[in-house]
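From first to last, the protein sequence lines are chains W and P.
Every number in our numbering is 357 more than the matching position in the first sequence, counting from 1.
Every number in our numbering is 57 more than the matching position in the second sequence, counting from 1.
Worksheet for the structure shown next.
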Amino acid sequence: MTTTSTAPRQTAKPPAARRSFVERWLAMIFLAPTLLGMALFTFLPIIGSLVLAFFRWDIISAPQFVGFANFASLAEDPTVRVSFLNTIMFVIVAVILQLGIALGLASMLQGRMPSWLRVFLRSTFFFPLVLSAASVSIFMRYMFNEQFGVVNWLLSLIGIPAVPWLTSPVASATVVVLVYVWQNFGFSFLLFLGALTNIPKELHEAANLDGATGWKQFSNVTLPLISPTVLVASVMAIISALQVFDQPYVLTNGGPGDSTRTAVLVIFESAFQQLEFGEASAIGLVLTVLILAVTALQFRLSRRFVFYQ
Amino acid sequence: MSSQTLHTGTDKDSGSTTGTPATHRRSRRRGRPAAGTVGRYTALAVAAALTLGPVLWTLSTSLRAPSESFNLPPSFLPINPDFTAYQEVFRQINVGLLVLNSALVTGLIALGQMASATLAGYAFARLDFRGKKAIFSLVLATMMVPVQVTIVPVFMLIRGMGLSDTLLALILPAIPTAFGTFLMRQYFLGLPNDFAEAAALDGAGPWRIFRSVYAPLAVPGMAIVGILAFNFHWNEFFRPLILTISEQNFTLPLGLVTLQGNLGTGSISVVLAGVILSMLPALVVFIFGQRTLREGLTAGASK
C-alpha cells in the first residue's frame, strides 16, 4: 500500500512519510491489547513453565531447584507413564474413529438427496459441537450406568448381558472414546463436507465414464483431491485429542485404577491436588513438545503426500 | 461406528460390480443404485439416531418425575411431561447465579475478543509497520500452546494480581485471541482496497480510514469471532475448574458437575433438567447462528 503511495516521489514524499509515521503509531496502538495480553497470559507463563519444570514447588514453601528430576519422574512415576500411554492409545483410537465416521458420513451426503434432508443431517451431525463436554459427559455417565443405564437396557433387548461400562478398565476407556467421538466427529465432518462439495462435478462424471465408480473412484479420484483437508483434519483432531480432559474427569475421574487417566488429568491432579507445580509444568512441556511434533510432521507430510491442484 | 462398517460395505459392493464399463453402466442404472441407496440411507439414519438419541433421552428423562427418572424402560419421548425436576434444580443449585456468572464471563470475553481481534486484525491486514510478518507469526504460534501448559503460571499470576477466585480471573486471560486475530485479518484482507484509496484521496488519515470506512464493514467478521468465543467459553470447563474456588463464582458447567456429584444417581432428572437448561443458549446460537459458527469453525482449516 505505502509502496504505491510513495511512487510519485518528488511531490508526494512529505505527506506519505507523515502518513506512514501515523500508520506505524496506529498499528502499535491497535496491536497493544492483543500483544500485551499475550505477553502477560501466554509468553510469560510459557517462560514460567520452562523455569518451574526444574523446581519443586508447593506454593507454600520456597521453590527448590531439582534439575531434571521432574522430567525423570515422568519416566519413573508409573501413574504419569500410564497416563501418557493412555493418552496415545486414546488419540489413535479416537482420531481414527472420528475421521472415519466423519469422512463416511460426509461422502454419503454427496450425491442425490432431497435438500431438506441434507440440511437436516448436516445440522444433526453438527449439533453435539455446540454442547459443553462437561454436560455431555454428565448425561452420558447416566446412559452408561451399569444397572439402570439406557445403553445396557438396549443391549439387553438383543440379549447382551450388562456391561460394566464405568467400572471395568477396558470398557471405561471405550466409553471415554465413544463419548469424545460422539461430540467431536461433527467438526471433521464439516471439514470433509466442505472439501467434498468443492470437487468439480465433471471429475466424477469423467471417472464414471472411465468405469471408475464406488471404492475405485473414491480412492483414486476423491481421496487425492481432498488430501489437503484429510491432513488438516487429522492434525486438528490429534492436537485436540491429545488435550482430552473434560470427558475422563467427569465420566470416570481417571479410573478404575489408572485406566482412563490422561496426561492433562495428571497435570491437573499433580498441580492442584498434590501441589507439585514443578512436576505439572514438566508434564505440560512434554505434552507441548508432542503437539509441536505433530504439527511439524504435518508440514513434512504435506510436502510429500498431499496432492495440491 | 456401525455407519462406518455399513459405508465401506456398500463401497465394496459397488467396486466388485465394475467388470467392463458396459456392464457397469447397465448395473448402475438398474440393480446397484437401489441397493446402494438403501445402504446409504440406513447408515445415515443410524448415525442420525445415534447423534440425536442421547439428547432426546436427556430431554425426556429431565421431564420424568425425579423418583422415577432412572426406571426402566427408558423414555425417549416426553409423553407425560413432569416439571418437578425443573423446580427441584432451582432449589438444589442457584441456577440464576450460575447463568449470570456464565453470561458475564462469556459475554465479556466475547466482547473483549471482538474488540481486540478487530484492532489487531486490521493492523496486520491494512497497516504498514516494521516486523509485521514476524509479529504475526508469533501471534499465530500461540495457537500451538495448549492451555494446560500455561495454566499453572496463569494461576499464580492471577493470585499475584489479587484476582484469585474472581470472574475476572476467567475473563482477562481469555481476551487476547490468536485465532480471532487471524480471522479478522483474513476478513479485512478480503475487503476491497478501493475504499481506502478513495478516502486517502479525500485527505483521510489512517485513523479516519479505519473508523469511517473499514470498521463499519467489519461487523460480519466480528460476529464470527463473537459467536466462536461464545460457543467455546460458555461450554468451558477446565479453566473455571482451576481458577474459581467458591461456589458463588462457579459457571454453569462447573455447577452442574458439582450437582451431579452431590445427587449421584438418586434423582437424575434433576441433574438432567440442569443440563437441558444449560443447553438453551447453545441451542439459540445453533438455530440462529449456525451458518456463522460453521464458517468460523472451518475457517482455520481452509488456509
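Glycine is no exception: its CB is placed at the ideal position from the N, C-alpha and C atoms.
All values derive from a computational prediction rather than experimental measurement.
Against chain W, does residue i count as a neighbour if the rule is that its beta carbon must be under 8 Å from one of theirs?
{"i": "P:Q205", "result": "yes"}
{"i": "P:M279", "result": "no"}
{"i": "P:A356", "result": "no"}
{"i": "P:I299", "result": "yes"}
{"i": "P:M241", "result": "no"}
{"i": "P:N14", "result": "Residue 14 of chain P falls outside the range modelled here, since chain P spans only 58 to 360, and no answer is possible."}
{"i": "P:Q317", "result": "yes"}
{"i": "P:Q49", "result": "Since the first residue shown for chain P is 58 and the last is 360, residue 49 of chain P is missing from the structure and cannot be characterised."}
{"i": "P:S335", "result": "yes"}
{"i": "P:I232", "result": "yes"}
{"i": "P:R86", "result": "Bear in mind that the predicted position of P:R86 carries a pLDDT of just 46, short of 50, making it unreliable; the figure below should be weighed with that in mind. It does not; no Cβ of chain W falls within 8 Å."}
{"i": "P:T238", "result": "yes"}
By DSSP's criteria, residue i is part of a beta bridge. Which residues make up the other side?
{"i": "W:R381", "result": "DSSP, once it has assigned bridges, lists no residue as partnering W:R381."}
{"i": "P:F403", "result": "No answer is possible for residue 403 of chain P: the residues shown for chain P start at 58 and end at 360."}
{"i": "W:R618", "result": "None, per the DSSP bridge assignment."}
{"i": "W:R413", "result": "W:Q421"}
So, is the C-beta of residue i closer than 8 Å to a C-beta in chain P?
{"i": "W:T368", "result": "Interpretation of W:T368 is limited by its pLDDT of 46, a score under 50 that renders its predicted location unreliable; the figure taken from the coordinates is listed afterwards. Taking Cβ atoms only, chain P never reaches closer than 8 Å to W:T368, which makes this a no."}
{"i": "W:P390", "result": "yes"}
{"i": "W:T685", "result": "Lying outside 358 to 666, the shown extent of chain W, residue 685 of chain W is not represented and no answer is given."}
{"i": "W:A563", "result": "no"}
{"i": "W:S591", "result": "no"}
{"i": "W:T652", "result": "yes"}
{"i": "W:Q455", "result": "no"}
{"i": "W:S638", "result": "yes"}
{"i": "W:T645", "result": "yes"}
{"i": "W:W522", "result": "no"}
{"i": "W:S529", "result": "no"}
{"i": "W:I648", "result": "yes"}
{"i": "W:F482", "result": "yes"}
{"i": "W:G405", "result": "yes"}
{"i": "W:M446", "result": "no"}
{"i": "W:G612", "result": "no"}
{"i": "W:Y499", "result": "yes"}
{"i": "W:A519", "result": "no"}
{"i": "W:A628", "result": "yes"}
{"i": "W:L642", "result": "yes"}
{"i": "W:F496", "result": "yes"}
{"i": "W:F544", "result": "yes"}
{"i": "W:G551", "result": "yes"}
Starting from residue i, find everything on chain W with Cβ-Cβ shorter than 8 Å and list it in chain order.
{"i": "P:G262", "result": "R376 and V379"}
{"i": "P:A177", "result": "F387, L388, P390, T391 and L392"}
{"i": "P:F186", "result": "E380, R381, A384 and M385"}
{"i": "P:P130", "result": "W510"}
{"i": "P:S173", "result": "P390, T391 and G394"}
{"i": "P:L101", "result": "L462, M465, L466 and L478"}
{"i": "P:R351", "result": "F483 and L547"}
Run through chain W and tell me which residues come within less than 7 Å of residue i, C-beta to C-beta.
{"i": "P:F294", "result": "S489, A490, A491 and D603"}
{"i": "P:R97", "result": "M465"}
{"i": "P:A180", "result": "A384, F387 and L388"}
{"i": "P:T199", "result": "M395 and T399"}
{"i": "P:F127", "result": "F505"}
{"i": "P:V314", "result": "A491, I495 and V607"}
Residue i versus chain P: which residues are under 9 Å apart at the beta carbon?
{"i": "W:S472", "result": "Result: empty, since nearest Cβ-Cβ is about 14 Å, beyond 9 Å."}
{"i": "W:P485", "result": "T108, P111 and V112"}
So which residues on chain P does residue i lean against when the C-beta distance must stay under 7 Å?
{"i": "W:Q600", "result": "P203 and Q205"}
{"i": "W:V621", "result": "Q205"}
{"i": "W:V507", "result": "W114 and P131"}
{"i": "W:F634", "result": "V209"}
Report whether the distance from the Cβ of residue i to the nearest heavy atom of the ligand MG is below 7 Å.
{"i": "W:A628", "result": "The ligand MG is absent from the structure shown, which contains no ligand whatsoever."}
For a contact meaning CB atoms closer than 8 Å, what does residue i contact in chain P?
{"i": "W:L409", "result": "V209 and P210"}
Give the interface partners of residue i over in chain W, defined as CB-CB distance under 9 Å, in chain order.
{"i": "P:L214", "result": "L397, F398, L401, P402 and G405"}
{"i": "P:I325", "result": "F496, Y499, N502 and F505"}
I'd like the ranges of any beta strand (DSSP E) spanning at least 3 consecutive residues and lying wholly in the region 163 to 246 of chain P.
none
Count the CB pairs spanning the region 603 to 611 of chain W and the region 492 to 500 of chain W that are closer than 8 Å, and state whether there are at least three.
yes
Length-filtered (4 minimum) alpha helix (DSSP H) runs lying within the region 90 to 172 of chain P:
141 to 149
Could you pull out every unbroken alpha helix (DSSP H) segment of at least 4 residues lying fully inside the region 510 to 574 of chain W, listed in chain order?
526 to 554, 558 to 566 and 571 to 574
Could you tell me which uninterrupted alpha helix (DSSP H) segments, each at least 4 residues in length, are contained entirely in the region 252 to 298 of chain P, listed from first to last along the chain?
276 to 291
Does the count of Cβ pairs from the region 202 to 222 of chain P and the region 396 to 404 of chain W closer than 8 Å reach three?
yes
With contact counted as at least three CB pairs below 8 Å, one residue from each stretch, are the region 227 to 239 of chain P and the region 277 to 291 of chain P in contact?
yes
The region 131 to 145 of chain P touching the region 103 to 119 of chain P, judged by at least three CB pairs closer than 8 Å:
yes
Cβ contact (3+ pairs, closer than 8 Å) linking the region 441 to 455 of chain W and the region 534 to 542 of chain W
yes
Can we say the region 499 to 511 of chain W touches the region 555 to 562 of chain W, given the rule of at least three CB pairs closer than 8 Å?
no
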